[in-house]
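These notes are about the structure you will find just below.
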Amino acid sequence: MKASKRYHPSREFSQKAHVRSMGAYRKLYQQALDTPEEFWGAQAEREIHWFQKWSHVFEWNPPFAKWFVGAKTNISYNCLDRHLSTWRKNRAAIIWEGEPGDQQVLTYQELHRRVCRFANVLKGLGLKAGDTSIIYMPMIPALPIAMLACARLGIAHSVVFGGFSAEALKTRIQDLEAKVVITADGGWRRGREIHLKATADEALADCPTVKDVVVCRRTGHEVAMHAGRDHWWHELEQSVSEVCEAEVLDSETPLFVLYTSGTTGKPKGIVHTTGGYMVEVACTMKWVFDLREEDTYWCAADIGWVTGHSYIVYGPLMEGATTVIYEGAPDYPQPDRIWRIIEKYKVNILYTSPTAIRAFIKNGEQWPRKHDLSSLRLLGSVGEPINPAAWEWYHKVIGHERCPIVDTWWQTETGSIMISPMPGAIPTKPGSATVPLPGIVADVVDLDGNTVEPGKEGFLIIRRAWPAMFRTLYRDPQRYGDQYWRRIPGNYLTGDAARRDKDGYFWILGRVDDVMNVSGHRLSTMELESALVRHPAVAEAAVVARPHEITGQAVVAFVTLKHGGGDGKDLVEELRSWVGHEIGSFAKPEQIRFVESLPKTRSGKIMRRLLREIVTTDKVAGDITTLEDLSVISRLSSQQEEES
Ligand code: WT7
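If you count by the working numbering, then the sequence shown holds residues -2 to 641, one letter each, in order.
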């Protein structure tokens, strides 16, 4: 392995940091390892307000965990009420900017008032603790307000990213058996209106559990309102009180469900609960982002993904920070929109994805150079491995070689950041997420669970339960155990490959299952394939990823057609829009290649490894003796690429 360059935090940065040296990190790590209950108990007391203390910190009934057992709390209380008796009451909680340029600043007091009012609206509709809601909204203040109002009452929310189609939304509403859908007329993206209400109406045609739909007015365009079912947010809000006490909730009350792609055609509902999630998200906010009182913090992800839940909404607000929320595309109307926002609000911490960084590189240095980025103190990356070249660019052009970079590895399932530098303590190596945070016992193993030697590739696992971990898959505890905890018994299987170097640094190499990562969004091979074969012209489909210079990976679909199913360019476009309709535009395959047949093993399993090789190298090598029809390979590899 070649030695990679190291970057040390400046003395100035380290001196002011929460964790200031490698020694301090090691000490914390060791405490969490030796006495996890004392360690997490102490963090929980320092970071969080509890209405009632726990009887014990941790209960492990493999593979089911409980944290802060018996304790009573509320995350909405911890994000809002707690700050109102401090100087923070008039601090900006949310600085919001819409894509057209409109702005709103909500102080903690104002946000609290708006959350209480909306919680009373939900109460007025008869909703109560134990119910479930779907939130399908653009990135406007009403989105975190809706989340915090649900959390205040003990209603588990499931935010569906605004880029999902009616089909995908419907599946999620049905699986969750949601009683209420909270949405908006629309939102702005690249100057165009995203018609959320119209899409929701299409989905709702088939969702009998939904009794009420609350619609927030954003774009002002006319939408259809179904009498008896649909209500305008601003109308319901007129008649409610602005006093609403936070419910006293058990630590294990479900907080949210986020659907994510797995290895089957059906998305999984990842269930997170309250107490443990709060504690670890709050701790990682401090450890990783090194938050200070005066900071303005911006995570440029979408709230529809877990990154936005933990590090746009709950983490920053629990810590009493100022969190920037921006509605639209970072390069609209000009490629410097993101840099303008940083200059305008004097952002100190920026958290974004490698895909975004590579797109900024492509747009050119002239765009960030036009702006004063001197407010930046720390940079973060999340969602996929960051290639060293992108890391170096981020460091030089955006960070002016002054800002540490935190490459944060985690997942929807983990709830909070797991492997990441503590910026004042850990020297970084471009491309490595560095070392696990306190309480996270990560390892790289073979299929039998034995630790592999440094430098060798293996499966990334977590050996012990951690507070913010998901608790189950919604209505599928069996799959939760089978898929994550029983393959290497007692350990959490992440689905990623990794290697560890001689210094104990982790290098994440990507997924080992049939999950692809496009622009930091998880896409499932099976989900895409089932969407394609639902099209009347398609007989079979096999989907693989190819490396892509901007999005990390891109989707390539191999498709065989039914007899007389047509061919040619029209069908390529039609199938791409079909996937857009079935899942969402962001899932559209980059290429569709029509083939006569797919390579399969004798048992009929599609040999995706081979297809992967074809799209990566345009050659085929390796062992193909299990192939049923060898001739198909030569036909496949000589096949001309269909432009999409
Ligand atoms: C998968 C999880 C967690 C927020 C966004 C994605 C990949 C995530 C990194 C990183 C290398 C990363 C992994 C992981 N991933 N962060 N810093 N370095 N890979 O959440 O949709 O649940 O996807 O994203 O492959 O398993 P997600």
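Glycine included, C-beta positions come from ideal geometry on N, C-alpha and C.
- By the Cβ neighbour-count rule, Gly549 is buried, with 16 or more other Cβ atoms within 10 Å of its own.
- A straight-line Cα-Cα distance of about 11 angstroms links Glu239 and Leu108.
- In the same chain as Gly151, and ignoring 5 residues on each side of it, the C-beta atoms closer than 7 angstroms to its own belong to Ala126, Gly127, Glu244, Leu246 and Thr250, in chain order.
- Listed in chain order, the non-local C-beta contacts of Trp295 below 8 angstroms within the same chain comprise Thr320, Val321, Tyr323, Ile338, Ile339, Tyr342, Val344, Ile346, Leu347 and Tyr348, local neighbours out to five positions each way being set aside.
- Within the model, the alpha-carbon separation for Val592 versus His578 is close to 23 angstroms.
- Burial of Ala538 is indicated by the presence of at least 16 other C-beta atoms within 10 angstroms of its C-beta.
- Straight-line measurement puts the Cα of Pro205 at about 26 angstroms from the Cα of Arg476.
- Linking Val540 to Ala386 through their CA atoms gives a straight-line distance of about 28 angstroms.
- In terms of Cβ geometry, Val432 and Val441 do not form a close pair [threshold 7 angstroms].
- For secondary structure counted as the alpha helix (DSSP H) over 4 or more consecutive residues, the stretch 546 to 605 holds these complete runs in sequence order: 566 to 579.
- Sequence-distant Cβ neighbours of His192 in its own chain, meaning closer than 6 angstroms and more than five residues away, are Gly183.
- Annotation for Gln408 indicates a beta carbon within 6 angstroms of some heavy atom of the ligand WT7.
- The Cβ atoms of Ser162 and Gly581 sit closer than 7 angstroms to each other.
- When C-beta atoms of the stretch 409 to 421 are compared with those of the stretch 265 to 277, three or more pairs fall below 8 angstroms, so the two segments count as touching.
- A Cβ-Cβ separation of about 5 angstroms places Pro464 in contact with Trp64 under the 8 angstroms criterion.
- Shown here, Tyr489 sits in a strand according to DSSP, grouped into three states.
- Cβ atoms of Met134 and Thr180 come within 8 angstroms of each other, at about 6 angstroms.
- Distance between Arg43 and Pro141, taken at the CA atoms: about 25 angstroms.
- Judged by beta-carbon spacing, Val556 lies beyond the 7 angstroms limit of Glu587, meaning their Cβ atoms are not closer than that value.
- Looking at the DSSP output, Thr257 bridges to Lys265.
- When the Cα atoms are used, Asp567 and Lys585 turn out to be separated by approximately 15 angstroms.
- The alpha carbon of Leu529 has as its nearest neighbour, out of Thr70, Phe456 and Val569, the alpha carbon of Val569.
- The stretch 486 to 494 and the stretch 503 to 514 touch, with no fewer than 3 CB-CB distances between them shorter than 8 angstroms.
- Using a C-beta cut-off of 8 angstroms, the stretch 395 to 407 makes contact with the stretch 367 to 385, since at least three inter-stretch Cβ pairs fall below that distance.
- In the pairwise beta carbon analysis, the stretch 399 to 408 is classified as touching the stretch 418 to 430: at least three pairs are separated by under 8 angstroms.
- As DSSP reads the structure, Cys296 sits in a beta bridge with Tyr348.
- Taking a C-beta distance under 7 angstroms as the contact criterion, Ser527 and Gly217 do not qualify as a contact pair.
- In this structure, the C-beta of Ile458 stays at least 6 angstroms away from each heavy atom of the ligand WT7.
- Distance from the Cα of Thr260 is smallest, within the candidate group Asp479, Asp511 and Pro97, for Asp511.
- Here DSSP, grouped into helix, strand and coil, assigns Trp57 to strand.
- Judged by DSSP secondary structure, Thr168 falls within the alpha helix (DSSP H) whose first and last residues are Ala163 to Leu173.
- Contact annotation, Asp500 with Gly452: C-beta distance approximately 11 angstroms; criterion of less than 8 angstroms not satisfied.
- For Asp209, the uninterrupted beta strand (DSSP E) run begins and ends at Asp209 to Cys213, by DSSP.
- Of the heavy atoms belonging to the ligand WT7, at least one sits nearer than 6 angstroms to the Cβ of Asp493.
- Ranked by how close their Cα comes to the Cα of His154, the residues Leu81, Gly188, His545 and Val254 have Val254 in first place.
- Annotation: the continuous alpha helix (DSSP H) that includes Ile335 extends over Arg334 to Tyr342.
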